[in-house]
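Numbering (UniProt numbering), first residue to last: 1 to 136.
Even glycine gets a Cβ: it sits at the ideal position worked out from N, Cα and C.
Comments concern the structure below.
Pasting the structure below:
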């Protein structure tokens, strides 16, 4: 078994799908509820298979922080809307293969959005390191 992080990007990815739907800001409360219910069903299906580890949705607010030397760390008001890398949430799975991780990500990408149509959103699949890299 290997752990993978599935990252749901609010916007962005290599190329937008031609059938991509409106951003969540434009959805009705019912459409949002259907989307969240789908995400819960995906998590339940993964639990039944013994592959689910954890999942969380993230707020759009946040800050970038970095070490700036002695004193207070600089803080910005990001993440910025113009960046194409706003993470909406994540899921951790523990699966037998990279192919299975891709299957789970593709299913997650079909979550319904505006008018109940699949989002076709990009899901970033990142493996966890199984052990720290060796430096010689």
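With three or more beta-carbon pairs closer than 8 Å as the criterion, would you say the segment 108-117 touches the segment 23-41?
yes
According to DSSP, which residues form a beta bridge with residue 9?
87
Coarse secondary structure for residue 31, derived from DSSP in three states:
helix
Take the Cβ of residue 91 as the centre, count every other Cβ of all protein chains shown within 10 Å, and call the residue buried at 16 or more, exposed below.
buried
From which residue to which residue does the alpha helix (DSSP H) around residue 100 run?
98-109
Considering only the beta carbon of each residue, do residue 125 and residue 6 sit closer than 8 Å?
yes
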